[in-house]
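Just so you know, the sequence shown maps onto residues 157 to 382 in the working numbering. A virtual CB, placed ideally from N, CA and C, is assigned to each residue, including glycine. Keep in mind the model is a prediction, meaning the values are calculated, not measured. See structure below.
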Amino acid sequence: MKVVELVEVTKVYELPRGSVKALDNVTASIEAGEFISVMGPSGSGKTTFLNIIGCLDTPTGGTVEVGGENINGLDDEALTKIRRDKIGFVFQQFNLIATLTALENIEYPMILKGVNGHEEKSKELVSSVGLDEELGDNKPNELSGGEQQRVAIARALANDPDIILADEPTGNLDSKTSRDIMQLLKETNERGKTIIIVTHDPQVASYTKRTFRLVDGRIDSDGVFL
Numbered sequence: 157m158k159v160v161e162l163v164e165v166t167k168v169y170e171l172p173r174g175s176v177k178a179l180d181n182v183t184a185s186i187e188a189g190e191f192i193s194v195m196g197p198s199g200s201g202k203t204t205f206l207n208i209i210g211c212l213d214t215p216t217g218g219t220v221e222v223g224g225e226n227i228n229g230l231d232d233e234a235l236t237k238i239r240r241d242k243i244g245f246v247f248q249q250f251n252l253i254a255t256l257t258a259l260e261n262i263e264y265p266m267i268l269k270g271v272n273g274h275e276e277k278s279k280e281l282v283s284s285v286g287l288d289e290e291l292g293d294n295k296p297n298e299l300s301g302g303e304q305q306r307v308a309i310a311r312a313l314a315n316d317p318d319i320i321l322a323d324e325p326t327g328n329l330d331s332k333t334s335r336d337i338m339q340l341l342k343e344t345n346e347r348g349k350t351i352i353i354v355t356h357d358p359q360v361a362s363y364t365k366r367t368f369r370l371v372d373g374r375i376d377s378d379g380v381f382l
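What follows is the structure, encoded as C-alpha cells:
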C-alpha cells in the first residue's frame, strides 16, 4: 500500500533575487513499511522534498498524496490534522521545548490530540527508546545530545503515526551515538513504521533499504544499498 505518492511535483520559491526551483517535476512512490534515505548535495531539494511530504510546505505544481489523502488545496487546519495524526517528525536540532521535561515533551502531541492516558504512554515510550526512566524528569539541557534525540524520536511516535520523517537526525551527534540512533530507527521501521530520512552521510543511508538521490531538484537515481 502506498503511503506517499508524488506525481510531477514542482516547488518554486519567489525570492528577491528571482525564482528558485527547489523541486523540478519529481515523481516518487513510497510503500507502507519502507525505510528510505534521501541524499544529494546542498541545495538539491532534499529538505523541500521532506517538507512537502510532511505537509509543512505545499507544491507549486503536481499532486501529493500522504496516507491516501490528496493534500493539494487543503487548508491549514486540514494539513495540521494530517501532521498531527499521520506523521512524526525528528529534526537535527531536536526541537524539544526547553521549559518542559523529557516526559512532558513526549506527552505534548498527545495532549494536543486529546489522547487519554498520555502520562502512562509517555513513560512507556521513554522505555521503548532505551532511556532510563528517571531521565524523564530531566529538561533538555540536562540531557546529552543522544538522549535528546531519543526523546525526540519518542515524541515522534507519541500519536502512533504511520510515517516518521527525519531531517539529518544524526547531524549533531558523534559516530557512536549516531549508530545507536540509527539502530533505534531501524528497529522502529521493523515494527512497521515507514521512515524517510534526509542525510548526507552514506553510513546513515546504509541502514535504509532504498535511496532517492536528488540533484538540482530532480531525482537522479533510485537505488538500493546492498
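query: Val-182 and Val-165 - do their beta-carbons sit closer together than 9 Å?; result: yes
query: Run through DSSP, which three-state label would Asn-181 get?; result: strand
query: Counting only the same chain and skipping the five closest in sequence on each side, list residues whose C-beta sits under 7 Å from that of Glu-263.; result: His-274, Glu-275 and Ser-278
query: Thinking Leu-321 and Glu-303 are a contact (beta carbons under 8 Å), I'd like their distance in whole angstroms, please.; result: Actually they are not in contact, since the Cβ atoms of Leu-321 and Glu-303 sit about 21 Å apart, beyond 8 Å.
query: Can you tell which of Thr-214, Ile-253, Met-266 and Gln-248 has the C-alpha that lies nearest to the C-alpha of Ala-234?; result: Thr-214
query: In the DSSP output, what is Lys-167 paired with across the bridge?; result: Leu-179
query: For Arg-366, which residues does DSSP report across the bridge?; result: Ile-192
query: When the distance is taken between beta carbons, is Asp-336 closer than 9 Å to Gly-286?; result: yes
query: Around the C-beta of Arg-306, are 16 or more other C-beta atoms found within 10 angstroms, so that it is buried, or is it exposed?; result: buried
query: By Cβ distance below 7 Å, which residues in the same chain neighbour Asn-207 in space, the five residues on each side in sequence not counted?; result: Asp-213
query: Are the stretch 336-353 and the stretch 224-243 touching by the rule of at least three beta carbon pairs closer than 8 Å?; result: no
query: Using three-state DSSP, classify Asn-315 as helix, strand or coil.; result: coil
query: Residue range of the alpha helix (DSSP H) that Glu-384 falls in?; result: The structure shown does not extend to residue 384, since the chain is modelled only from 157 to 382, so the question has no answer here.
query: Would you please state the rounded distance, in angstroms, between the beta carbons of Lys-158 and Ser-193? I believe it to be under 8 Å.; result: Not really, about 18 Å apart at Cβ, beyond 8 Å.
query: For Asp-372, does the three-state DSSP call read helix, strand or coil?; result: coil
query: Among Thr-367, Ile-352 and Ile-375, whose alpha-carbon lies nearest the alpha-carbon of Ile-243?; result: Ile-352
query: Which residues in the same chain as Ala-361 place their Cβ atom closer than 7 Å to its Cβ, once the five residues preceding and following it in sequence are excluded?; result: Ser-193, Met-195, Thr-355, Thr-367 and Phe-381
query: Below 9 Å between beta carbons: does that hold for Gly-201 and Ala-178?; result: yes
query: Please state whether the Cβ-Cβ distance between Leu-341 and Ala-314 is less than 9 Å.; result: no
query: In three-state DSSP terms, what is Ala-308?; result: helix
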